Amino acid sequence: MSSLTHSPADVIRWLLIDLGLGTDPSESSSWPIHTSSEPDSPDNSISVYDTAGIKDGRIQQTGETREHSGIMLQIRGVTQPIAWAKANAVNVILDESIDKSLITISSTDYIVYAVTRHSGPLSLGREPGTNRFLFTINAVVALRQIN
């Protein structure tokens, strides 16, 4: 796998924002999307985490390892219907809208070939102490930095 300037979770976060599924947390708008963290507020939010990927092999001539990076998306909502609806919208976007998608983060360009879900949405029930509802989606990502 070639090196990346940004983590796969961060690339997917910015791609989901670009596709209108959520917002940049600095905008203080609805459905902020975070990378590798989940602040206590607002109640409705999405977080994207890096997880174990799947090695697909190695190119003999160069020795480069081919790997699909792992991600987990956690969707949190104030009610079960709100959280479920957003988790389902994430499923649809991942399945139907990401196909050789280009995204730029701080002047670094990436191409996201595909996101392949392993699951989702999976209910984690109520968040302890807050009673907000949690869903997760697990997936792998085929992406490449192009500059």
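Under my numbering, the residues of the sequence shown are numbered 874 to 1020, in order. The beta carbon of each residue, even a glycine, is placed where N, CA and C say it ideally should be. Keep in mind it's a predicted model, so treat the numbers as computed, not measured.
By the beta-carbon neighbour count (other beta carbons within 10 angstroms, threshold 16), residue 883 is buried. Judged by DSSP secondary structure, residue 961 falls within the alpha helix (DSSP H) whose first and last residues are 953–969. Leaving aside the five residues that flank residue 912 on each side, none in its chain has a CB nearer than 6 Å to its CB. Beta bridge pairing from DSSP links residue 983 with 976, 1018. Listed in chain order, the non-local C-beta contacts of residue 982 below 6 Å within the same chain comprise 1019, 1020, local neighbours out to five positions each way being set aside.
The beta carbon of residue 941 sits closer than 8 Å to the beta carbons of 926, 927, 929, 989, 1013, 1014, 1015 from its chain, once the five residues preceding and following it are set aside; these are given in chain order. Scanning the region 904–951 from its first residue to its last, the whole beta strand (DSSP E) runs of 3-plus residues come out as 906–908, 918–931, 938–950. Cβ atoms of residue 946 and residue 963 come within 8 Å of each other, at about 6 Å. Under the three-pair Cβ rule at 8 Å, the region 916–923 counts as touching the region 948–964.
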